[in-house]
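Chemist:
Residue numbers (this note's numbering): 8 to 156.
In structure tokens form, the structure reads like this:
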């Protein structure tokens, strides 16, 4: 179960406004159309402001027993998209795409793997959630393909 990651900075919630449940529902519907995922959970009890997409582990080497995306989209068009791979030896590989006001980077930024460190690197993201999600899924598809190259 992923942690409820409101953001590494406690001020995120103050700066981004409420969760955009309409966009989250649309994101969940779009993710359900992909064979990448074995389960899509809208606002689970352990992460009530998120959509969580569990990857089908058949896409990964046996050493990875779980991979997921946890997505938050805010009424201000800010977002957090957290990706995590959980390994059988207890290790994990994580990264996060963010758009929110903060004290560590520009509003749009990326927390790189393997541990989604802060500060991250400044980034540019499209304004439409569909374009942002497509870019992230393409990045993660490249990650998954690299396992088998």
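All C-beta atoms in this analysis are idealised placements derived from N, C-alpha and C, irrespective of residue type, glycine included. Source: prediction; values computed, not measured.
Beta-carbon within less than 7 angstroms of residue 122's beta-carbon, same chain only, minus the 5 sequence neighbours each way: which residues are those?
Modeler: Translated into the one-based positions of the chain shown, residue 122 becomes position 115. These residues qualify, in order along the chain: 101.
Chemist: Using a 10 Å radius around the Cβ and a threshold of 16 neighbouring Cβ atoms, would you call residue 18 buried or exposed?
Modeler: Here the question's residue 18 lines up with position 11 in the chain shown. Since pLDDT at residue 18 reaches only 47, below the 50 mark, its modelled position is unreliable, and no value is offered.
Chemist: Specify the secondary structure class of residue 76 as computed by DSSP and reduced to three states.
Modeler: As a position in the chain shown, residue 76 is number 69, starting the count at 1. Three-state DSSP puts residue 76 in a strand.
Chemist: For the beta strand (DSSP E) holding residue 45, just list the boundary residues, first then last.
Modeler: Looking up residue 45 in the chain shown gives position 38. That run of the beta strand (DSSP E) goes 44-49.
Chemist: Are residue 108 and residue 37 closer than 8 angstroms when you measure CB to CB?
Modeler: Residue mapping note: residue 108 aligns to position 101 of the chain shown, counting from 1. Residue mapping note: residue 37 aligns to position 30 of the chain shown, counting from 1. Their beta carbons are not under 8 angstroms apart, which means residue 108 does not touch residue 37 by this criterion.
Chemist: Using C-beta distances below 6 angstroms, list every residue in its chain close to residue 39, excluding the 5 sequence neighbours before and after it, in chain order.
Modeler: Mapped onto the chain shown, residue 39 falls at position 32. Annotation for residue 39: 47 place their beta carbon closer than 6 angstroms to its own, counting only its chain and skipping 5 residues before and after.
Chemist: Taking just the CA atoms, how far does residue 56 sit from residue 32?
Modeler: Residue numbering aside, residue 32 sits at position 25 when the chain shown is read from its first letter. Residue numbering aside, residue 56 sits at position 49 when the chain shown is read from its first letter. Residue 32 and residue 56 have their C-alpha atoms some 11 angstroms from each other.
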